[in-house]
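Beneath this line is the structure, given in structure tokens, with notes to follow.
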Amino acid sequence: MLVSKYKPSKRSKNKIALKPKETEDRFRIMADGISFIIWVTDPDGRIKFVNRTYCEFFGITLEEVQEFGWHPLLHPKDSEAYIGDYKKALQERKPFHVEARVRRADGEWRWIDSSAEPFFSQSGEFSGMVGSSPDITERKEMELRIQRLLEKRSKQLQDYQTNFALLVNTMAEGIVVVDNNGCVLFGNPAASAIFNLTQNELAGYHLGIPASLGITEIELPIERQINTIELNSVEVIWHGQQGYLVTLRDITRRKRAEQMVTMLSHRLVESQEKERQEIGHELHDEVGGSLTAVKMALGRAKRKLGHNSDLELKRIEDIVDETMDTVSTLSQNMRPDILSDFGLTEALEWYFERYTRRTGINVHFKQKPAIKRYAGTIETTAYRIIQEALTNVARYAGVKEVTMGVHDDSEKLYIQIEDRGRGFVPQKVGEAPGGISGMQDRAFLVGGELIVDSSPGKGTRISCELPLIGH
Amino acid sequence: MVKIVLADDHALVREYVKDWLKEEPGLKVVGEASDGVEAVELTTRLKPDILVTDLKMPHLNGIEVTKRIRQLSPDTHVIVLSLYGDKVYVDAALKAGARAYVLKKLSSDGLTDAINAVIAGEKYLSPPISGNTTDFFDS
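One line per chain: the protein sequences are V and F, in this order.
Take the first sequence: its letters are residues 0 to 470, numbered as in numbering that gives the first Met the number 0.
Take the second sequence: its letters are residues 0 to 138, numbered as in numbering that gives the first Met the number 0.
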């Protein structure tokens, strides 16, 4: 607030003749009515006037201020800067503006925002400073709170960043971010390791954009090896740029392990079948052969004894015949020679004919196109699965018809077995009907799949796919 | 004299067939083989009138043996003697060029009948497998 240079006009000089004291009084009245602190100094900076608010605020009189000074009212931390700036302003007769804390009458520290202007007499002499110091405590505290909050958030952010960096740098999965042109914007150490590059080489490296979003696999030749990498790609905005975020996992070992499992499974199925075949072979050759010899011996004995040969001999012959039939059947079950000699079609037709004769169930067999020969394990697996499926139909379905379809493409052999029988609840597989998990195991062992679709009253449908590639 | 070569990997079977045929006048067993390769080798060398062969033998099965004999020793007639009477095998044997198919369980008279038929220029199948029905596996 300024006290302007007041030059009484010639007119007012005559009429009103305002004396300096009147001016002062007006000023005093106005100042006392103002709700914030106002003070006026003399040219040496000593307090000459303080308004009522000043006195009430500090709980002090003008005389007390003049005697003891106003320095003690300042907060020790702010005192030096305030006084320094004040003295400077006084000296240079320039405006003054400082924030500081002062002690209020009730003992509380309050923030004030002091601004003062120099004022001059009519003759241009420096007369001192006029200042106001409104209480800005609320605002200041708010500012401080905000600042503290900002600092806290800043620290939190930093913590997050540190932890994030730690995570990204130590995790085993690789992460890269590429821009729309496929250049690497960011890559973590695990990603560098996967590509066999240093972190520096990875930055800006042209990787290309992912072929598709979501999970894909690629083969990466690195150091004379082919590694299989599993990618998961999503679109991302990275520091304002459009690009792709790709996580990378080296699944080479897993793939190899899977391949090993498949190979071992094949070997397992093969050795199981081999064992059965050997038993079947022994049955057919040894037992069957011996029985043949017995029959021939009996033939000779009959001849020697003439046409009136003993009835007992005839009975022995019958027993031997029966035994030979049994041996033949057992041997065929163990070692379906027709399968290995002629293939799946022949073996199935042979099996279906016997099955129908035994159970009375008709098998409608469809193969489109006529199936060829496949690897031994696949033919055996297909045959055994069909065997088990038809056994289940005979045991549980309660039908007279069953449909069988077999067809292939270059990659897989497809088998469907369907009946309109009783059906069952597939979860209860562990109990009965048995054989479902056995079929699934067999399919799984050769790297195939078997799905059972059934519900009570709605029949049963078994769909099986066996891989032909890799055999 | 009808010369016969026997092929079966089961020694006992060969024993008894030999003994059986010994009783038949006009038949003579001139050689024995215990696997398919030996059977072919022996037959091509001795050129018998008849080869009696099992289907299941090591190294080469009876069907293959039959096919090769038809090529290498066309005057030799092949009689298959097998435990199995399934249509699949019978068809395959006949298709390969066998003249007769005898079931082992009917091997005594059956074999004699088959040999006689084949010498007479005919074909022979053990009764249960002639025709399309295979009543062999009654439940």
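For every residue, glycine included, the Cβ atom is placed at its ideal position computed from N, Cα and C.
Only a predicted model underlies this, so the values are computations on that prediction, with no experimental measurement involved.
Separation of T459 (chain V) and D440 (chain V) (C-alpha to C-alpha, rounded to the nearest whole angstrom) is 19 Å.
In the DSSP annotation of this structure, Q121 (chain V) is not part of any alpha helix (DSSP H), being labelled neither H nor E. At a Cβ-Cβ threshold of 8 Å, L89 (chain V) and M128 (chain V) count as neighbours. In terms of beta-carbon proximity, S327 (chain V) lines the interface with chain F, with at least one pair separated by less than 8 Å. According to DSSP, A99 (chain F) shares a beta bridge with F:I78 and F:Y123. Here Y100 (chain F) really is in contact with L124 (chain F); their C-beta atoms are around 5 Å apart, less than 8 Å. Contact annotation: in the segment 54 to 83 of chain F, residues whose CB is within less than 8 Å of a CB in chain V are K55, N60, I62, L82 and Y83. Between K55 (chain F) and A95 (chain F), the C-beta gap is not smaller than 8 Å, which leaves the two residues out of contact. Contact between the segment 12 to 27 of chain F and the segment 402 to 419 of chain V is absent: fewer than 3 CB-CB pairs across the two stretches fall below 8 Å. Short of 8 Å from the beta carbon of K47 (chain V), and not among the five residues preceding or following it, lie these beta carbons of its own chain, in chain order: V39, T40, D41 and G127. By the neighbour-count definition (other C-beta atoms within 10 Å, threshold 16), G298 (chain V) is a buried residue.
Per DSSP, F125 (chain V) lies in no alpha helix (DSSP H); the unbroken beta strand (DSSP E) holding it starts and ends at F125 to S132. For E345 (chain V), the chain F residues whose Cβ falls inside 8 Å of its Cβ are V87, in order along the chain. Per DSSP, reduced to three states, the secondary structure at A369 (chain V) is coil, with no helix or strand assignment. The Cβ of L11 (chain F) sits closer than 8 Å to at least one Cβ of chain V.
Residue-level contact by beta carbon holds for S107 (chain F) and chain V, with a gap shorter than 8 Å. Around Y15 (chain F), the beta-carbon contacts reaching into chain V at under 9 Å are T291, A292, V293, K294, M295, A296, G298 and R299.
Taking 8 Å as the cut-off, the Cβ atoms of T136 (chain V) and R102 (chain V) do not count as close. Against chain F, the CB of H363 (chain V) has no partner CB under 8 Å away; the residue lies outside that interface. Rounded to whole angstroms, the gap between the alpha carbons of E172 (chain V) and Y204 (chain V) is 19 Å. Annotated three-state conformation of A202 (chain V) is coil, per DSSP. Take the alpha-carbon of F185 (chain V) and the one of K254 (chain V): they are about 28 Å apart. Around the beta-carbon of L72 (chain V), 16 or more other beta-carbon atoms lie within 10 Å, marking it buried. Contact between the segment 329 to 337 of chain V and the segment 43 to 51 of chain F is absent: fewer than 3 CB-CB pairs across the two stretches fall below 8 Å.
Rounded to whole angstroms, V77 (chain F) and K17 (chain F) show a C-alpha spacing of 17 Å. With fewer than three CB-CB distances shorter than 8 Å, the segment 215 to 226 of chain V does not count as touching the segment 137 to 155 of chain V. The three-state reading of DSSP puts L267 (chain V) in helix, counting H, G and I together.
Contact annotation: the segment 408 to 416 of chain V does not touch the segment 228 to 235 of chain V, with fewer than three C-beta pairs closer than 8 Å.
Taking a Cβ-Cβ cut-off of 9 Å, the neighbours of D8 (chain F) in chain V comprise D284 and G288, given in sequence order.
Counting along the chain, the unbroken beta strand (DSSP E) around V401 (chain V) starts and ends at E400 to D407. For a Cβ distance threshold of 9 Å, residue set M295, A296 and R299 of chain V lies close to D18 (chain F), ordered along the chain. Contact with chain F is found for I337 (chain V), since one of that chain's Cβ atoms lies less than 8 Å from the residue's Cβ. In the DSSP assignment, W38 (chain V) falls outside any alpha helix (DSSP H) and within the unbroken beta strand (DSSP E) covering I36 to T40. Rounded to whole angstroms, the gap between the alpha carbons of G288 (chain V) and S453 (chain V) is 46 Å. Note that the C-beta distance between I208 (chain V) and N179 (chain V) is below 8 Å. If the five residues before and after I33 (chain V) are omitted, its C-beta is found closer than 7 Å to the C-beta atoms of N50 and T52, all from its own chain and listed in chain order.
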